[in-house]
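*Asks:*
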Amino acid sequence: MALKDALESSVRPGELYEVIDERRIRCFACGHNCPIPDGAAGVCKVRFNRAGRLQVPWGYVGGVQCDPIEKKPFFHAMPGALAYSFGMLGCDLHCSYCQNWVTSQALRDPAAVVPPTPASPEGLVSDALRLGARVLVSTYNEPLITAEWAVAIFREARAAGLRTAFVSNGNGTPRALEYLRPHIDFYKVDLKSFDDRHYRTLGGRLEPILDTIRRLHGMGVWLEVVTLLISGFNDDPDEIDRLTTFLAGVSPDIPWHVTAFHTDYRMTDTSDTTPAQLIAAAETGRRNGLRFVYAGNQPGRVGPLENTWCPGCGAAVIERIGYSIQRYALTPDGACGTCGTSIPGRWDAAFGGQIASTPFVPVARRLRVS
Ligand code: SF4
Numbered sequence: 587m588a589l590k591d592a593l594e595s596s597v598r599p600g601e602l603y604e605v606i607d608e609r610r611i612r613c614f615a616c617g618h619n620c621p622i623p624d625g626a627a628g629v630c631k632v633r634f635n636r637a638g639r640l641q642v643p644w645g646y647v648g649g650v651q652c653d654p655i656e657k658k659p660f661f662h663a664m665p666g667a668l669a670y671s672f673g674m675l676g677c678d679l680h681c682s683y684c685q686n687w688v689t690s691q692a693l694r695d696p697a698a699v700v701p702p703t704p705a706s707p708e709g710l711v712s713d714a715l716r717l718g719a720r721v722l723v724s725t726y727n728e729p730l731i732t733a734e735w736a737v738a739i740f741r742e743a744r745a746a747g748l749r750t751a752f753v754s755n756g757n758g759t760p761r762a763l764e765y766l767r768p769h770i771d772f773y774k775v776d777l778k779s780f781d782d783r784h785y786r787t788l789g790g791r792l793e794p795i796l797d798t799i800r801r802l803h804g805m806g807v808w809l810e811v812v813t814l815l816i817s818g819f820n821d822d823p824d825e826i827d828r829l830t831t832f833l834a835g836v837s838p839d840i841p842w843h844v845t846a847f848h849t850d851y852r853m854t855d856t857s858d859t860t861p862a863q864l865i866a867a868a869e870t871g872r873r874n875g876l877r878f879v880y881a882g883n884q885p886g887r888v889g890p891l892e893n894t895w896c897p898g899c900g901a902a903v904i905e906r907i908g909y910s911i912q913r914y915a916l917t918p919d920g921a922c923g924t925c926g927t928s929i930p931g932r933w934d935a936a937f938g939g940q941i942a943s944t945p946f947v948p949v950a951r952r953l954r955v956s
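Residues in the sequence shown are numbered consecutively from 587, following the working numbering.
1) Which of the three DSSP states, helix, strand or coil, is assigned to A719?
2) Need the endpoints of the alpha helix (DSSP H) that A736 sits in, please.
3) Give the straight-line distance between the Cα atoms of E869 and G709, rounded to the nearest whole angstrom.
4) Report the partner residues of Q884 according to the DSSP bridge assignment.
5) So G835 is in the alpha helix (DSSP H); what residue range does that whole segment cover?
6) Would you mind working out which of D821, D591, K774, G886 sits nearest A663, comparing C-alpha positions?
7) Which residue wins for smallest C-alpha separation from H784, given the options S817, P890, S671?
8) Got a sec? Which residues, its chain only, sit under 7 Å from G600 by beta carbon, not counting five neighbours each side?
9) Quick check on DSSP: helix, strand or coil for P760?
10) Measuring alpha carbon to alpha carbon, tell me which residue in C616, R612, L675 is nearest L589.
11) Run through the DSSP bridge pairs and tell me what K774 is partnered with.
12) Using the Cα positions of A787 and V629, report the straight-line distance between them to the nearest angstrom.
13) Can you pull every residue whose C-beta falls closer than 6 Å to some heavy atom of ligand 1, listed in chain order?
14) Quick one, which of G898, N820, E742, A745 has its alpha-carbon nearest D776's?
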């Protein structure tokens, strides 16, 4: 069975849409807000109009894996917890440097061949529990475009005592975020640039991403923001200055991860980001008021920028090398163990250690596709 046919049979009626007229519906799962004629698909290619009803992806995963939650990255949410990540296929953007292109571009790029694996919410949650995971994360493809499926899984996960998270490009809509709000604990937004022209080269716009950041913070969903720093694309000091000024204006307590680009997918002629570039961008973020700035993808090479520092007394409250926690000094209520300053985040009452050295890869049956 061809991938497109396999995916078109793995659907069910969606919830994030409205009827425009007899022939068209509008999907509002992501910032594209696609008007979709009968028989056609949206920009993401995985949501489509069949006889006036929106059909959305259902009943499969493109991949699952267990990793430390720090790898997502979440640094202020249940440190050390094992996170069970699942993804589907497709994306609403088409970034030339995508690190998950095999799943995100599965319907656009013939080289991206990942067969879908049949799955159920109950099965995924019981797999996560069996492996000792404490958080379920929708990631790999863009989770907003498969939000109904994520919510079905998150309902099961919450009932089983697990936490839930999105790792997302942030191209949301107010209605999609309200739909997710009752079901989601942590949200990572990938703020790729602060220039609308750059976003348009990726197939998106800047404003919906900024709006998502403001709204998630206003809703009280725990939010961390990541910027993959890419030479010649988004590393202009003025752009980093404006980006971090915006973020600090929403809240100085939002953790900002500035991470190193490594050559990937179609972006092969851009040099890898150096530790010095990360450190310079991080200094801009700190200068603009962000209190928790991290440099990622260069473990052991960015000085103090992998640790969480108390903004009250300057003590290291969590020390890390890469994803690995070396030392933990928060009190049970998430305060600095030295001076008692409260550190924003979603903390456990105690640090229970970390499973970090061997990521789990659960084995699953696969559909036959060609
Ligand atoms: S998820 Fe986004 S790209 Fe896909 S159909 Fe809906 S609005 Fe369009």
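Every residue gets a Cβ at the ideal spot worked out from N, C-alpha and C, and that includes glycine. As the structure is a prediction and not an experimental result, all values here were calculated from the model.
*Replies:* Judging by the given coordinates:
1) Of the three classes helix, strand and coil, the one that applies to A719 here is coil, per DSSP.
2) 733-745
3) 45 Å
4) Bridge partners of Q884: none, in fact.
5) 823-836
6) K774
7) S817
8) Answer for G600: R633, L640, Q641, V642, E734, listed in chain order.
9) helix
10) L675
11) V753, E810
12) It is Thr, not Ala, that sits at residue 787 in the sequence shown. Each residue's alpha carbon lies about 15 Å from the other.
13) C613, A615, C616, H618, N619, C620, G628, V629, C630, R633, D678, I731
14) If we check each option's Cα against that of D776, N820 comes out closest.
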